[in-house]
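Take a look at the structure below.
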Amino acid sequence: MRLIDLSVYLEENPFAEPFPVSIVPHKHEESAKNMAAKLGLEPSDFNDSMALTHEDFSGQYHCGTHVDAPFHFGPIVEGKPAKGIDEVPLDWFYRDGVRLDLRFVKHNALITVKDIKASLDMIDYKLKPMDIVLLWTDFDKLIYQPAYLKEQPGMSREATEYILDQGVKVIGIDAYGFDRSFGCQAQAYKNGEVKELFPGHMVGREREYVHMEKLGQLDELPVSCGFKVCCFPVKGRHATAGMTRVVALLDEA
Numbered sequence: 011m012r013l014i015d016l017s018v019y020l021e022e023n024p025f026a027e028p029f030p031v032s033i034v035p036h037k038h039e040e041s042a043k044n045m046a047a048k049l050g051l052e053p054s055d056f057n058d059s060m061a062l063t064h065e066d067f068s069g070q071y072h073c074g075t076h077v078d079a080p081f082h083f084g085p086i087v088e089g090k091p092a093k094g095i096d097e098v099p100l101d102w103f104y105r106d107g108v109r110l111d112l113r114f115v116k117h118n119a120l121i122t123v124k125d126i127k128a129s130l131d132m133i134d135y136k137l138k139p140m141d142i143v144l145l146w147t148d149f150d151k152l153i154y155q156p157a158y159l160k161e162q163p164g165m166s167r168e169a170t171e172y173i174l175d176q177g178v179k180v181i182g183i184d185a186y187g188f189d190r191s192f193g194c195q196a197q198a199y200k201n202g203e204v205k206e207l208f209p210g211h212m213v214g215r216e217r218e219y220v221h222m223e224k225l226g227q228l229d230e231l232p233v234s235c236g237f238k239v240c241c242f243p244v245k246g247r248h249a250t251a252g253m254t255r256v257v258a259l260l261d262e263a
């Protein structure tokens, strides 16, 4: 069995995290002093005067590679209260995977139904219920550049609905978000070019599904189908998202 990591780092990266993320490490010696003070001990009571270290983290569940929950999209879906990430069925997150090559889509463009169908034709594949669909834009290669947040393509409402019509429940993309960049969308809306902001997300107010954002290394998959995807999200109580380590599992035999 071969395992391929399809995640990006959770880190302080202003090019990938527009909302503040703080990761503060503590040295082993510092931890010894802090723990000793709380426990009535001396720092030297710990082996080599070093205790167990940790990091202080501050940020959103939407940092790093993560799964957006139905509740992120809106409070109601299909006439029922939208699920938090802890309420989404676990069996959605370990399924057959398929990678759709969308590297031909231009920066800041909407991914259309035609694009999805063309990608499927390239690999002669027909989507089946519960497939985990991985959208390969190659934008993870720009994660340390300004273009990562400013130029990504994103899903149209129609393309999202088309994939869901095939019985799919989990879709992932190797860009910052599922929709086009924030600035691109805002400008298109102000210009009257589009009538809806975040169309891919907004499908989730009508259809129960989840999507993953900030995937990585989709180019390392040696095949476009015939593998499993494991992407169980962190269990935040009624959280809008859950960080996840996405892994592809290939049977090398």
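So for the sequence shown, this note's numbering puts the first residue at 11; every next one is plus one.
Yeah, the Cβ is synthetic: ideal placement off N, Cα and C, and Gly gets one too.
In this text, all values refer to a predicted model and were calculated from it rather than measured experimentally.
Secondary structure within the stretch 114 to 167: the beta strand (DSSP E) runs of 3 or more consecutive residues, fully enclosed, are 142 to 146 (chain order). At the C-beta level, I121 and V143 stay beyond 8 Å of one another. A distance below 8 Å separates the beta carbons of R215 and F83. Residue environment for M222: buried (at least 16 other C-beta atoms within 10 angstroms of its C-beta). In the three-state scheme derived from DSSP, where H, G and I count as helix and E and B as strand, V213 is classed as helix. DSSP lists D78 as the bridge partner or partners of A251. In this structure, DSSP gives E65 an extended state, which the three-state scheme calls strand. Distance between V178 and M140, taken at the CA atoms: about 5 Å.
When only Cα atoms are considered, V233 and W146 end up about 13 Å apart.
In this model, R105 and G210 are separated by some 22 Å (Cα to Cα). Here L259 carries a strand assignment [DSSP, helix/strand/coil]. Assigned with DSSP and collapsed to three states, M11 falls in coil, not helix or strand. If you compare the alpha carbons of D66, T75, N57 with that of I33, the shortest gap goes to D66. Secondary structure of C73 (DSSP, three-state): coil. With fewer than 16 other Cβ atoms from the protein chains shown falling within 10 Å of its own Cβ, I133 counts as exposed. Counting C-beta atoms within 10 angstroms of its own C-beta, P28 has fewer than 16 neighbours from the protein chains shown and is therefore classed as exposed.
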